[in-house]
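Residue numbers (my numbering): 12 to 632.
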């Protein structure tokens, strides 16, 4: 049985060993044995941390063809591609024919017998994956420490000279072509192409959803259960790293400025599509998937499994939910200038989550409009508030709703049929991302067509938790689960589930100094308790007993008896959502009478705060 060092450093050796053993036993099911072997090895937390991570370790430190992991979001799904699952090659010394495995590889050795009856053509799916957008406060998920310095070009060349000459597999069939002797330098960098590599006409767009983000993008090759993955899934992928220089040479073979289409005999891809789907491996490495697990959350302080599956390790957290809630509520009260009620609604908002959908209605969402935000502080109060909240949630993004941003930014992903890819947009976000909409930055002016479309897209996310991707001739609806917090001076022009007008109880001559001192007073261990609390509260199960349901219904009838106009069905729904969140915030997984009464109380207080005259009108949430 391969050692730990072997299966991490030389996973292809494990594959070849099982493939070779299968030749004497055709019904051995060697492919299933390969995936089961790696799955069993990765069950142990200690084994997972030994596998180096593309998120934490620079690409040029990682060993080619070793096992690595990547925490990512599926940004795009390319068309299936064909590859040589098995092929026969001629040994140059003995002239004997050898059957080799082509799975989990991007290139094959030279000397392939293309007429062999033993050649097997198989199909695999390619996913374009990017780091989880807006990820913050992530600690390294690996214990791997690079043991060597960045290699020089000369060392790369020496390594290339010791390897047998290789040949590529194209993506359109099992045909192979001999790779040129001079492939250029195999330099692996994080975000820049090698200086010796032929520069394309324009920089390669790594297609990150959020502007200004950096990090590795990756082409993940999937062999089994392709239909089990969906666009925008967040995964931890374990696979074989492929950075062969031949992959970069592929993109360099054609001068994209000379022709829009490559030779149809070689491929039906346009030059732009070829460039996007076969980017330099130094920028976009390939990862051949051996095992993947979905991430119900990406909080590094929690096990990757859902909290209910890790009850033992979370027992202490659950027992402290009420006390941590009190501490967090006091922290938010200071951040919100002494407003206890606004602090409680902010806490409830941060643990909200779409837990189910009934027809087209998402259940559990709780978009909060925090109005009355100070607009005279410099830097802006809302910007400083976001910077503090950003450190409490695993993923977040602040969208400054200036007129320029609304008219120019691409919020909705759009299909590019020339390059055959999905061009990302700001709203292509992972589940449970906190989206902070800063409406205090919106100045007077005219929204153009793009601006109106962007405002509509934000409204769809808030009301229906969906984003309609633009496929030119039609729109395709994708569900979302985004926590939207709107900060505004008056009532927001966007819809919301709940609007709370901020009522400051303290006066701050220097807002930046005030907020900075509040945050500085929190220790790192205290902030970690808050981070853990928010994630656990969001993912707890929740039920309402028949007895409590009957009591709530009777109470609703009594309230309408006194004043039929005082409460509507929409108000009842909001009360039930707030009562649910109040229960979860205390670590309680069932609705109690106390939580229901508390929900009614804080809603009465909230509704008593009237919006000043002259603010934007809208439906009272």
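We put the CB at the ideal spot given by N, CA and C, even for glycine. Quantities reported herein were computed from a predicted structural model and do not represent experimental measurements.
Residue i versus residue j - alpha carbon distance
i           : j           : result
residue 450 : residue 93  : 49 Å
residue 484 : residue 125 : 42 Å
residue 29  : residue 52  : 16 Å
residue 103 : residue 117 : 22 Å
residue 307 : residue 546 : 10 Å
residue 341 : residue 355 : 9 Å
residue 579 : residue 572 : 12 Å
residue 539 : residue 114 : 43 Å
residue 559 : residue 305 : 35 Å
residue 303 : residue 84  : 12 Å
residue 291 : residue 365 : 39 Å
residue 8   : residue 42  : Any question about residue 8 goes unanswered here, given that the chain covers just 12 to 632.
residue 251 : residue 157 : 18 Å
residue 100 : residue 106 : 9 Å
residue 123 : residue 98  : 7 Å
residue 176 : residue 284 : Because the pLDDT at residue 176 is just 38, under 50, the model does not fix this residue reliably, and the value given afterwards should be weighed accordingly. For residue 176 and residue 284, the distance between alpha carbons rounds to 27 Å.
residue 189 : residue 71  : Annotation note: pLDDT 34 at residue 189 (below 50); position unreliable, no value reported.
residue 518 : residue 536 : 29 Å
residue 501 : residue 632 : 14 Å
residue 234 : residue 376 : 36 Å
Selected residue, minimal CA-CA separation from residue i, among the options
i           : options               : result
residue 373 : 602, 508, 502 and 305 : 508
residue 406 : 299, 356, 493 and 341 : 493
residue 491 : 341, 438, 524 and 504 : 438
residue 521 : 504, 122 and 387      : 387
residue 670 : 101, 143 and 361      : Absent from the model: residue 670. The displayed extent of the chain is 12 to 632, so no value can be given.
residue 245 : 505, 581 and 87       : 87
residue 353 : 618, 67, 523 and 34   : 618
residue 583 : 596, 24 and 565       : 565
residue 371 : 298, 299 and 476      : 476
residue 238 : 326, 296 and 89       : 89
residue 608 : 562, 524, 326 and 488 : 562
residue 328 : 498, 123 and 544      : 544
residue 456 : 415, 429 and 442      : 415
residue 128 : 576, 141 and 108      : 108
residue 139 : 298, 332 and 48       : 298
residue 280 : 404, 330 and 429      : 429
residue 57  : 75, 74 and 314        : 314
residue 550 : 442, 301, 335 and 436 : 442
residue 311 : 67, 511 and 533       : 67
Continuous beta strand (DSSP E) stretch holding residue i: start and end
i           : result
residue 250 : 245–253
residue 66  : Looking at the DSSP string, residue 66 is not in any beta strand (DSSP E), and its letter there is neither H nor E.
residue 412 : Per DSSP, residue 412 belongs to no beta strand (DSSP E) and is neither H nor E.
residue 86  : 78–88
residue 96  : 92–101
residue 303 : 297–305
residue 611 : Not the beta strand (DSSP E): residue 611 falls in the alpha helix (DSSP H), residues 604–618.
residue 142 : 131–142
residue 480 : 477–481
residue 433 : 432–434
Distance between beta carbons of residue j and residue i, contact taken as under 8 Å
i           : j           : result
residue 137 : residue 230 : 6 Å
residue 232 : residue 135 : 5 Å
residue 96  : residue 132 : 7 Å
residue 227 : residue 65  : 5 Å
residue 395 : residue 526 : 5 Å
residue 589 : residue 359 : 6 Å
residue 362 : residue 592 : 6 Å
residue 50  : residue 287 : 32 Å between Cβ atoms; not a contact.
residue 595 : residue 548 : 5 Å
residue 380 : residue 82  : Not quite, the Cβ-Cβ distance comes to about 32 Å (not below 8 Å), so this is no contact.
Sequence-distant residues of the same chain with beta carbon closer than 8 Å to residue i, five excluded per side
i           : result
residue 434 : 218, 421, 424, 425, 426 and 427
residue 468 : 422, 423, 438, 478 and 479
residue 184 : Model confidence at residue 184 stands at a pLDDT of 38, short of 50, so the residue's coordinates are unreliable and nothing is read from them.
residue 62  : 19, 53, 78, 79, 80, 153, 155 and 249
Residues of its chain near residue i, where Cβ-Cβ distance is below 7 Å and the 5 sequence neighbours each way are ignored
i           : result
residue 417 : 458, 462, 465 and 466
residue 4   : The structure shown has nothing for residue 4, since the chain only spans 12 to 632.
residue 206 : The predicted position of residue 206 is uncertain, since its pLDDT is 34 and thus under 50; a value taken from the coordinates is nonetheless stated next. Excluding residues within five positions, none has a Cβ falling inside 7 Å.
residue 495 : 378, 446, 448, 472 and 473
residue 345 : 529
residue 610 : 586, 589, 590 and 593
Residue i: first and last residue of the uninterrupted alpha helix (DSSP H) it sits in
i           : result
residue 56  : 56–61
residue 522 : 522–531
residue 395 : 392–400
residue 334 : 332–346
residue 558 : 557–573
residue 593 : 580–596
Other residues of its chain near residue i: CB distance less than 6 Å, five sequence neighbours each side excluded
i           : result
residue 91  : 134 and 136
residue 357 : 343
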